[in-house]
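Chains as they are written, first to last, in the numbering used here: chain F, 4 to 290; chain V, 4 to 284.
Even for Gly, the Cβ is constructed at its ideal location relative to N, Cα and C.
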């Protein structure tokens with residue numbers, strides 16, 4: 004698959020800080036991937052999101068070296084408005100990024116900034132709202148929406164720009180479990196049905212692991228692991244050292260593995276776990 | 004310790020946020036109040052410090068009727084830790100911040116010092132007493148807020164979504180501190196929508212949905228009522244969902260955490276003796 008994002012030896016220091024937020028970071032994302040990026044607070048997740056959409060180095064002051072290339076364009080040499088057509092960004096707090104009063108206006112905002120004619124705008128709004136499953140909310144006031152719905156509006160607003168990749172920085176941190184799962188399902192659909200490349204920066208490993216094809220772990224601004232989530236979740240020591248969530252289903256099967264009672268791949272979801280437990284019991288003639 | 008008797012509350016705009024709620028939380032219990040956003044959790048919490056008074060029914064805290072008690076009186080009984088510690092922090096050093104409450108209680112010199120030192124030690128902040136709270140990371144700032152609450156000497160601690168916005172390590176740290184406070188005899192009320200947290204730390208749960216108390220009881224009981232939880236928009240913790248089919252067959256009952264489940268499954272697969280050899284003491 005074609006490379007869409009290439010981060011090459013990228014280092015970034017905020018202001019005069021002696022400690023780099025990103026340190027000689029390398030990362031490649033290919034078109035069509037759904038990549039999860041995790042790490043504790045301060046590992047560099049948000050900084051990386053800002054480096055991908057060009058806010059770093061265009062608007063955020065600091066010292067940097069290395070290169071970030073998105074769809075063949077060097078972000079340092081490309082205006083943010085141009086990058087915004089390639090990279091759609093969604094942030095943590097839906098309240099902080101929504102600017103309009105109703106849903107349609109919100110989704111139209113970016114398009115208006117691109118001076119798109121109205122007859123082109125309307126179908127794009129329709130399309131974006133349909134993609135995230137909130138077409139019926141089109142004329143609702145943002146104030147009436149739940150957190151999960153607001154976050155879907157933010158995703159629709161990013162999609163209306165028809166980006167090639169969606170970068171989401173902890174989009175579910177303010178949401179309850181149902182809202183979190185709703186957002187994950189929308190992302191899965193966008194990735195599978197609409198072939199959108201997705202980079203999800205997220206701490207909730209249990210919620211994210213079943214959806215992503217690859218998990219990148221950041222620590223002190225560096226990539227310390229990059230593998231399918233099942234492989235990362237086998238590495239208890241890594242999870243502990245980075246202070247990452249240890250999803251309960253995987254944790255249980257890993258304990259069985261260590262005790263020599265289980266040898267297959269770690270299940271990531273409750274459904275997979277039930278199947279594996281059933282298989283295990285059946286093998287031993289229980290139930 | 005805390006008793007709600009047919010508590011109802013209607014906002015001035017006519018929205019009935021709490022409907023006929025009755026429960027009893029005993030001294031030294033660790034209770035979780037769970038429910039989705041908008042279920043009435045926050046409205047109920049605002050009754051605990053007297054910010055809201057029941058429209059009908061009553062709420063008794065350590066014998067005080069919250070409708071009549073003075074706020075200062077309640078503040079000595081119930082300490083609050085809110086989701087965003089920054090709303091609770093406003094002084095230049097950690098020590099001053101922690102001393103603020105006791106000073107307001109009218110305490111003097113030595114006693115204030117004693118309380119500050121003790122509260123700081125309980126949350127592991129002793130080495131940061133002279134630091135500015137604003138120079139500390141969010142996890143530590145939350146501990147400053149908790150120490151400030153502890154310095155007031157409340158028996159009851161209410162933690163409102165204490166782990167939201169914290170990373171996993173910070174969440175574990177604040178919960179370890181909470182657990183230690185519970186062991187020392189504090190009554191703990193944890194408000195959260197994180198069921199894994201509830202499974203690991205709480206003893207009983209109260210489920211709110213649409214302003215009603217839908218369910219209350221020990222965790223294994225509450226978490227086996229999938230129907231009511233679904234109505235409340237909640238999912239049981241992963242381990243309980245994993246074992247649900249077996250629970251119905253009478254196998255693996257009462258298991259809440261991955262460690263407990265491992266113990267049970269080892270015993271089932273290998274027998275009591277073998278399991279004891281595999282399992283850490």
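- Item | Straight-line Cα distance separating residue 157 of chain F from residue 163 of chain F | Cα to Cα, residue 163 of chain F sits roughly 10 Å from residue 157 of chain F.
- Which stretch, first to last residue, makes up the beta strand (DSSP E) that contains residue 15 of chain F? Per DSSP, residue 15 of chain F belongs to the beta strand (DSSP E) from 6-17.
- Query: Taking C-alpha atoms, which residue in V:281, V:141, V:251 lies nearest to residue 265 of chain V?
  - Reply: Cα-wise, what sits closest to residue 265 of chain V is V:281.
- Item | Alpha-carbon spacing of residue 198 of chain V relative to residue 255 of chain V, whole angstroms | Taking the straight line from one Cα to the other gives about 19 Å.
- Meets three-Cβ-pair contact criterion under 8 Å: the segment 236-249 of chain V and the segment 200-215 of chain V: Taking 8 Å as the limit for Cβ pairs, the verdict is that the segment 200-215 of chain V does touch the segment 236-249 of chain V.
- Task: May I ask which residues mark the beginning and end of the alpha helix (DSSP H) holding residue 232 of chain F?
- Result: Judged by DSSP secondary structure, residue 232 of chain F falls within the alpha helix (DSSP H) whose first and last residues are 232-237.
- Touching or not, the segment 164-183 of chain V and the segment 9-25 of chain V, by the rule of three or more beta carbon pairs under 8 Å? No, the segment 164-183 of chain V does not touch the segment 9-25 of chain V.
- Item | Helix, strand or coil at residue 177 of chain F [DSSP, three-state] | The answer is coil: DSSP assigns residue 177 of chain F none of H, G, I, E or B.
- Query: How many Å lie between residue 52 of chain V and residue 35 of chain V at the Cα?
  - Reply: Going by the C-alpha atoms only, they are around 17 Å apart.
- Endpoints, alpha helix (DSSP H) assigned at residue 45 of chain F: If you look at residue 45 of chain F, you'll find it isn't in any alpha helix (DSSP H); DSSP assigns it neither H nor E.
- Rounded separation between residue 173 of chain F and residue 27 of chain V - CA only: Going by C-alpha positions, residue 173 of chain F is about 37 Å away from residue 27 of chain V.
- Query: Thinking C-beta only, is residue 57 of chain V closer than 9 Å to residue 70 of chain V?
  - Reply: Result yes, Cβ atoms of residue 70 of chain V and residue 57 of chain V sit closer than 9 Å.
- Message: Less than 9 Å between CB atoms is the rule here; does residue 44 of chain F satisfy it with respect to chain V?
- Response: At least one chain V Cβ lies under 9 Å of residue 44 of chain F.
- Query: Which residues bound the beta strand (DSSP E) around residue 92 of chain F?
  - Reply: Per DSSP, residue 92 of chain F belongs to the beta strand (DSSP E) from 90-93.
- Message: For a contact defined as C-beta to C-beta under 7 Å, what are the partners of residue 14 of chain V on chain F?
- Response: Residues of chain F passing the Cβ test: none, with the nearest at roughly 16 Å.
- Message: Distance cutoff 9 Å, beta carbons only. Does residue 179 of chain F sit that close to anything in chain V?
- Response: Taking 9 Å as the CB threshold, residue 179 of chain F lines the interface with chain V.
- Tell me whether the beta-carbon of residue 25 of chain V lies closer than 9 Å to the beta-carbon of residue 66 of chain V. No. Outside cutoff.
- Taking the beta strand (DSSP E) that residue 116 of chain F falls in, what are its first and last residues? First-last for residue 116 of chain F: 106-116, but that is the alpha helix (DSSP H), not the beta strand (DSSP E).
- Message: Determine, for residue 235 of chain F, whether the minimum Cβ-Cβ distance to residues of chain V falls below 9 Å.
- Response: Chain V contact via Cβ: absent.
- Message: Short of 8 Å in beta carbon distance, which residues of its chain neighbour residue 220 of chain V, apart from the five on each side in sequence? Order them along the chain.
- Response: Here the set comprises 207, 208.
- Query: Does DSSP put residue 142 of chain V in a helix, in a strand, or in coil?
  - Reply: DSSP places residue 142 of chain V in helix when its eight states are reduced to three.
- Message: My output table needs one value for residue 260 of chain F: the three-state DSSP class, helix, strand or coil.
- Response: Here residue 260 of chain F carries a helix assignment [DSSP, helix/strand/coil].
- Task: Could you tell me whether any Cβ in chain A is nearer than 9 Å to the Cβ of residue 261 of chain V?
- Result: You won't find chain A in this structure, because its protein chains are F and V.
- Task: Answer yes or no: do residue 28 of chain F and residue 224 of chain F have a C-beta to C-beta separation smaller than 9 Å?
- Result: Going by C-beta atoms, residue 28 of chain F is nearer than 9 Å to residue 224 of chain F.
- Closer than 7 Å at the beta carbon, the chain V residues around residue 254 of chain F: In chain order: 261.
- Message: Just to confirm the assignment: which complete alpha helix (DSSP H) runs, minimum length 4, are found wholly within the segment 201-283 of chain V?
- Response: Runs of the alpha helix (DSSP H) spanning 4 or more residues and lying entirely within the segment 201-283 of chain V occur at 222-226, 229-234, 241-251, 261-281, in chain order.
- Message: Residues of chain V with CB closer than 8 Å to the CB of residue 149 of chain F, please, in chain order.
- Response: Per Cβ cutoff of 8 Å: 40, 41.
- chain F contact for residue 168 of chain V (CB, 9 Å cutoff): Chain F places a beta carbon closer than 9 Å to that of residue 168 of chain V, counting this residue as a contact.
- Does residue 196 of chain V have its Cβ less than 9 Å from a Cβ in chain F? With 9 Å as the cut-off, residue 196 of chain V counts as an interface residue toward chain F.
- Item | Interface residues of chain V facing residue 259 of chain F [CB-CB closer than 9 Å] | Within 9 Å of the CB of residue 259 of chain F, the CB atoms of chain V belong to 265, 268, 269, 272, in sequence order along the chain.
- Does the segment 121-130 of chain V come within contact of the segment 140-154 of chain V, defined as at least 3 CB pairs closer than 8 Å? Short answer: they touch.
- Proximity of residue 192 of chain V and residue 231 of chain V at Cβ, strictly below 9 Å: At the C-beta level, residue 192 of chain V and residue 231 of chain V stay beyond 9 Å of one another.
- Please list the partners that residue 281 of chain V has in chain F, where partner means a Cβ-to-Cβ separation under 7 Å. The CB of residue 281 of chain V comes closer than 7 Å to the CB of 262 in chain F, given here in chain order.
- Can you tell which of V:116, V:249, V:106 has its C-alpha closest to the C-alpha of residue 227 of chain V? Minimum Cα distance to residue 227 of chain V is reached at V:249.
- Query: Listing by chain order, which chain V residues have their CB less than 7 Å from the CB of residue 206 of chain F?
  - Reply: Under the 7 Å cutoff, chain V gives 170, 171.
- Query: Helix, strand or coil: which one does DSSP assign to residue 50 of chain V?
  - Reply: Here residue 50 of chain V carries a helix assignment [DSSP, helix/strand/coil].
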